[in-house]
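Q: Protein chains in written order, with the working numbering: chain A, 1 to 352; chain B, 353 to 844.
Beta carbons: idealized from backbone N, C-alpha and C, even for Gly.
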Amino acid sequence: MRAPVRTPLLSLACAGLLLLGATACGGESAPTDDAAPASDKKITLYSGRSESLVKPLLEKFTQQSGITVEVRYAGTAAMATQLLEEGEKSPADAFLAQDAGALGAVAKKGLFAPLPADVVAKVPQTYRASSGQWVGVTARSRVLVYNPDLVPAAQLPASVFDLTGPAWKGKVGVAPTNASFQAFVTAVTVQHGEARAKEFLAGLKANAPQVREGNAPIVEEVDAGKLAVGLVNHYYLGEIAHERGTTPEKMKAKLHFFPNGDTGALVNVAGIGVLKKAAQDPDVRTFVDYLLGPEAQTYFAEKTYEYPVVGGVPAPAYAPALDTLKVPAVDLNELDRLEATINLIKESGLVP
Amino acid sequence: MTLIPLAYLVVRTGEAGWTRITEELLTRRVSRLALHTLGLATVVTVGCLLLGVGAAFLVVRTNLPMRRLFAVLAALPLAVPTYIAAFTWVSTVDGFEGFWPAALVLTLCSYPYVFLPVAAALAGSDPAQEEVSRSLGRGGWATFTAVTLRQIRPALTGGGLLVALYVLADFGAVSILRADTFTRAIFIAFDLGFDRTGALVLSLVLVGLTVLILAGETATRRPGRRYASLRGARRSPTRIDLGRWGWPAVGGLTAVALLALGVPAASLARRLAEGVSRPGDWTEVATAAGNSLSLSLAGAALTMLLALPLGLLTARAPGMISTVLERLSYLSHALPGLVIGLSLVFFGINVVYPLYQSTALLALGYAALFLPLATAAVTGAAAQAPPVLEDVARSLGRGPVTVLRTVTLPLTLPGIAAGVALVFLACMKELPATLLLRPTGTDTLATELWTNTSVAAYAAAAPYAALLVGLSSVPTWLLTARTGVLIKENQS
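Here it is as structure tokens:
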């Protein structure tokens, strides 16, 4: 029974290897589908945003438009990596992402089609790609979450850079692997130069920071009084309050928005880009319009506590209005310059 | 088949060019990660060997009270994914992070990989040799080290190898508990700016470490040595009277079970009570459970189909080719699910596009990840079935296919079933490759668990976690039953 088993297995392995080699070297000839843009009432969405947040909204959309949305959910970074690996053969029509950096990385690979001018015009310039390849759907501010029992409001820092001082030793929670932290570090580079960013990270590292895997654990620990302050996004307090069946106001933890255009108050976006093959798809267009319409914008403000990016929609409860925030002058398009940031974070020793 | 991930790694890192590769490789960071990873693998493997052999010996060879209950409890951690265990530990103990906590959680989650085969080997081994040893004047401990350990050696090294490779590939415990290993660094590289090249270069180093561990294990094997008794008459070995040590032993095993199962259970219950989020509705939960079951079953079936020829070849025709093929399958077992997932995305997009995001490709991903679990089970079972029987059948004029069908397969069937159960369990718990390869719109218990915890909806996640562990305990129970420790004895 040797021969019949060994040969097919080996030849299969060899054939597989050959095939792989051949296609890998051959380059991809993508099936560009420029067929007439007929509506088939179906779109495929890659979502880096969580199912529990997005699904109810998509159900409303389908009810109204009759368009079915097939969704893949995964983390924003993993989803971006998958899109980059798939290239132009991706089954996706659109990519809904958690941060501008991921959208920038996909755009950089030339996978997105520019959005129509009237779509782009709906979103303020600050919250979209200058190339028009993606637009923000919601905005989120970086904040310092604090426990008033441990840090009285009067002692809160005026700038994020103060956190490297001796007063904050061992007290600051950070999540350096989180995309929003990376965006913040990129913003420091953009606003103050690489040397300053390096110095800040080194200072933070030397100040015995409490490194956590994500933003939610930081907010929970601050709320429980185990941690004094933490660098997070503003909406996590809302999410956790929601999980506990209460409101953000009733939580122990409070939010501090860094004043005067400090980089610590960077406003980033969650946004959407449309892949090239779906550039002319009317269903995808309907969907993007819906996301930027009042219903979806209100939904995000109420359910995810994020800022709407389109005018005329009320801001979330328990957060100052977006236009009253003094936002740092950082172009979100520059947030795709991640490589340098990543090297900075790696060198700082905040991550392995 | 298991070459797909390797080919992918070579192609993608090759694109990066040598300067980039050496830039990534020759850093203090890489050597530090290698030390940490090997250190963790060593500590966890040693821990699992001690815990697994200890528990197996107590359950099989002593008059431990409630020993069948303890046999099931000792196997049950196999049903708990490391990411659930780690998450529940972190939310129970403040500041629970780093190397030793990760080692503890990994040991508690993976010692059944040692317990199960060792318990089976102890239950199946021939007590005559031990009796001879004792009659020749050796004491209890000397007999244990000189005879018993030698008898169960294949089970020991096989189980230990699975644990070591499991530690290399695990992402759940090391990322939540922030222990610096290659797998965590690989996940971070993807998170930090979608750095595929950096991540894949690190994966290549991981492959190198795996080769090292495999070489070590191979060196301890004695070719051609047959460990199983060929005699027909089986007796149960005599049980050692624990005497006054009986209750301390019960206490020890209870403590292990409480740490491995009690902590996660209590923490999940607390999360469920504290939170107000709830899973959508019960049809959603049922659908996810159904998907988990059917996808895992497809994965386990395909894996076994591929493992069967490989396992039989290794057992019946040991040689260069079978050894190389079998060892190769271990390489992809030690790679993180994310890398296997991406390699199959690459394969699906470029080679078998019609299969992309189909159940078939996901099943192939599971096979690439878990083939060694199935192969080891088949090889083990085939090694215990005497080849003499096949020779007799052949000499009586049966053709090779008939022999395979009527003699070899029936003899190895229990081993095959155990392999299927083991792979099934692994598929149920798998997350990163599932997220990348699942058909669009298909939710499983593991993905639902992930999606809910990622928005802090812990109470909504708890039922999925409970169901995942609950459903996984069925195959775990089957695996325990197979070791023979659950059989009631008429004698002694």
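(1) Which class does A:Ser131 belong to by DSSP, given the choice of helix, strand or coil?
(2) Going along chain B, which residues have a C-beta under 8 Å from A:Thr44?
(3) Quick one: residues in its chain with C-beta nearer than 6 Å to the C-beta of B:Val363, no 5 flanking neighbours on either side, listed in chain order?
(4) Does B:Asp547 come within less than 8 Å of chain A when only Cβ atoms are used?
(5) Can you have a look at A:Lys326 and say buried or exposed, based on whether 16 or more other CB atoms are within 10 angstroms of its CB?
(6) Going along the chain, which residues of its own chain have a beta-carbon closer than 7 Å to the beta-carbon of B:Ala427, five neighbours each way excluded?
(7) Check whether the Cβ atoms of B:Ala437 and B:Leu402 sit closer than 8 Å, and answer yes or no.
(8) For chain B, is any of its Cβ atoms less than 8 Å away from the one on A:Tyr73?
(9) For B:Leu645, report the span of its alpha helix (DSSP H) as first-last.
(10) In angstroms with no decimal places, state the Cα-to-Cα distance between A:Trp134 and B:Pro429.
(11) Between B:Ile528 and the rest of its own chain, which residues show a CB-CB distance below 7 Å, the 5 nearest in sequence each way excluded?
(12) According to DSSP, is A:Gln98 helix, strand or coil?
(13) Can you tell me the Cβ-Cβ gap for B:Asn804 and B:Ala818, rounded? I've got them flagged as a contact below 8 Å.
(14) State the Cα-Cα distance for the pair B:Gly406 and B:Leu387, rounded to the nearest angstrom.
(15) Excluding sequence positions up to five away, which residues of its chain have a Cβ less than 6 Å from the Cβ of A:Ala92?
(16) CB B:Thr499 to CB B:Val396, shorter than 8 Å?
(17) Would you decide whether B:Leu777 is buried or exposed? Buried here means 16 or more other CB atoms lie within 10 Å of its CB.
(18) Pick from A:Pro328, A:Asp331, A:Ala329, A:Glu306: whose alpha carbon is nearest that of A:Pro320?
(19) State the CB to CB distance for the pair A:Ile218 and A:Ala175, rounded to an integer number of angstroms; the pair is presumed to be in contact (CB under 8 Å).
(20) At what residues does the beta strand (DSSP E) containing A:Leu275 begin and finish?
(21) What residue does the alpha helix (DSSP H) around B:Asn804 start on, and which one ends it?
(22) Hey, would you say A:Val123 sits closer than 8 Å to A:Phe257, going by beta carbons?
(23) Among A:Phe184, A:Val54, A:Lys42, which has the Cα closest to the Cα of A:Ile272?
(24) Please list, in chain order, all residues of the same chain as B:Ala726 whose beta carbon is under 6 Å from its beta carbon, the five residues on each side excluded.
(25) Distance check for B:Phe451 and A:Val145, CA to CA, integer angstroms please.
(26) Which residue or residues does DSSP assign as beta-bridge partners of A:Pro308?
(27) In the structure shown, what three-state DSSP assignment does B:Ser695 receive?
(28) Quick one, which of A:Gly87, A:Ser39, A:Ser52, A:Thr304 has its alpha-carbon nearest A:Ser65's?
(29) Can you confirm whether the region 176-192 of chain A touches the region 208-217 of chain A when touching is taken to mean that 3 or more C-beta pairs between the two stretches lie within less than 8 Å?
(30) If the criterion is Cβ atoms closer than 8 Å, does the pair B:Phe764 and B:Ala640 meet it?
(31) According to the Cβ coordinates, are A:Ala301 and A:Val313 closer than 8 Å?
(32) Is A:His256 helix, strand or coil by DSSP?
(33) In angstroms, rounded to a whole number, what distance separates the CA positions of B:Leu748 and B:Gly595?
(34) With 16 as the cutoff for other CB atoms within 10 Å, does B:Leu558 come out buried or exposed?
(35) Residues in the region 359-373 of chain B with C-beta within 7 Å of chain A's C-beta atoms, listed in sequence order?
(36) Just reading off the beta strand (DSSP E) that A:Thr68 is part of, what are its end residues?
A: So, from the data block:
(1) Position 131 of the first sequence, counting from 1, holds the residue named residue 131 of chain A. If DSSP states are grouped into helix, strand and coil, A:Ser131 belongs with coil.
(2) For this step, residue 44 of chain A is matched to residue 44 along the first sequence. Result: Thr792.
(3) Counting from 1 along the second sequence, the entry for residue 363 of chain B is found at position 11. Once the five neighbours on either side are set aside, B:Val363 has no close Cβ partner at all.
(4) Start at 1 with the first residue of the second sequence, and residue 547 of chain B comes out as number 195. For B:Asp547, the answer is yes, since a Cβ of chain A falls inside 8 Å of its Cβ.
(5) Translated into positions along the first sequence, residue 326 of chain A becomes position 326. So A:Lys326 counts as exposed.
(6) Looking up residue 427 of chain B in the second sequence gives position 75. So the list reads Pro464, Phe467, Leu468, Thr828, Leu831, Thr832, once near-sequence residues are dropped.
(7) Mapped onto the second sequence, residue 437 of chain B falls at position 85. Mapped onto the second sequence, residue 402 of chain B falls at position 50. Taking 8 Å as the Cβ cut-off, B:Ala437 and B:Leu402 do not qualify as a contacting pair.
(8) Here residue 73 of chain A corresponds to residue number 73 of the first sequence, with the count starting at 1. By this cut-off, A:Tyr73 is an interface position.
(9) Mapped onto the second sequence, residue 645 of chain B falls at position 293. Unbroken alpha helix (DSSP H) run through B:Leu645: 634-668.
(10) For this step, residue 134 of chain A is matched to residue 134 along the first sequence. For this step, residue 429 of chain B is matched to residue 77 along the second sequence. Going by the C-alpha atoms only, they are around 46 Å apart.
(11) Residue 528 of chain B sits at position 176 when you count from the first residue of the second sequence. If we look at B:Ile528 and ignore the five residues flanking it on each side, its Cβ neighbours are Tyr435, Ala438, Phe439, Val442.
(12) Translated into positions along the first sequence, residue 98 of chain A becomes position 98. Three-state result, A:Gln98: coil.
(13) Counted from its first residue, the second sequence places residue 804 of chain B at position 452. Counted from its first residue, the second sequence places residue 818 of chain B at position 466. That belief does not hold up - the Cβ atoms of B:Asn804 and B:Ala818 are roughly 13 Å apart, past 8 Å.
(14) Position 54 of the second sequence holds residue 406 of chain B. Position 35 of the second sequence holds residue 387 of chain B. The alpha-carbon atoms of B:Gly406 and B:Leu387 are separated by roughly 28 Å.
(15) Residue mapping note: residue 92 of chain A aligns to position 92 of the first sequence, counting from 1. Result list for A:Ala92: Thr44, Tyr46, Leu275, in chain order.
(16) As a first step, residue 499 of chain B is located in the second sequence; it is residue number 147 there, counting from the start. As a first step, residue 396 of chain B is located in the second sequence; it is residue number 44 there, counting from the start. One point to set straight first is that residue 499 of chain B is Val, not Thr, in the sequence displayed. Contact flag unset, no.
(17) For the purposes of this step, residue 777 of chain B is identified with residue 425 of the second sequence, where counting begins at 1. By the 10 Å Cβ count, B:Leu777 comes out buried.
(18) Your numbering for residue 320 of chain A matches position 320 in the first sequence. It is A:Glu306 whose Cα lies nearest to the Cα of A:Pro320.
(19) The residue you call residue 218 of chain A lines up with position 218 of the first sequence. The residue you call residue 175 of chain A lines up with position 175 of the first sequence. Between A:Ala175 and A:Ile218 the Cβ distance is about 6 Å, and since that is below 8 Å, they are a contact.
(20) The residue you call residue 275 of chain A lines up with position 275 of the first sequence. A:Leu275 -> beta strand (DSSP E) spans 267-275.
(21) The count along the second sequence starts at 1 and reaches residue 804 of chain B at position 452. First-last of the alpha helix (DSSP H) with B:Asn804: 797-805.
(22) By 1-based counting over the first sequence, the position of residue 123 of chain A is 123. By 1-based counting over the first sequence, the position of residue 257 of chain A is 257. Not closer than 8 Å, so no.
(23) Position 272 of the first sequence holds residue 272 of chain A. Closest by alpha carbon: A:Val54.
(24) Translated into positions along the second sequence, residue 726 of chain B becomes position 374. Hits under 6 Å: Thr655, Met656, Ala659, Gly771, Val775.
(25) Looking up residue 145 of chain A in the first sequence gives position 145. Looking up residue 451 of chain B in the second sequence gives position 99. Answer to the nearest angstrom: the Cα atoms are 28 Å apart.
(26) Here the question's residue 308 of chain A lines up with position 308 in the first sequence. Beta-bridge pairing links A:Pro308 to A:Thr138.
(27) Stepping through the second sequence from its first residue, residue 695 of chain B is reached at position 343. In this structure, B:Ser695 counts as helix in the three-state DSSP scheme.
(28) Sequence index remark: in the first sequence, residue 65 of chain A carries index 65 (1-based). Ranking the options by Cα distance to A:Ser65, first place goes to A:Ser39.
(29) yes
(30) Position 412 of the second sequence, counted from the first residue, corresponds to residue 764 of chain B. Position 288 of the second sequence, counted from the first residue, corresponds to residue 640 of chain B. Checking the sequence, you will find Thr at residue 764 of chain B rather than Phe. No, the Cβ-Cβ distance between B:Thr764 and B:Ala640 is not below 8 Å.
(31) Counting from one through the first sequence, the residue named residue 301 of chain A turns up at place 301. Counting from one through the first sequence, the residue named residue 313 of chain A turns up at place 313. Result yes, Cβ atoms of A:Ala301 and A:Val313 sit closer than 8 Å.
(32) One-based indexing of the first sequence puts residue 256 of chain A at position 256. Correct three-state label for A:His256: strand.
(33) Indexing the second sequence from 1 puts residue 748 of chain B at position 396. Indexing the second sequence from 1 puts residue 595 of chain B at position 243. Distance between the alpha carbons of B:Leu748 and B:Gly595 is about 54 Å.
(34) The count along the second sequence starts at 1 and reaches residue 558 of chain B at position 206. With 16 or more Cβ atoms within 10 Å of its Cβ, B:Leu558 is classed as buried.
(35) Ala359, Val363
(36) Residue numbering aside, residue 68 of chain A sits at position 68 when the first sequence is read from its first letter. Start and end: 68-73.
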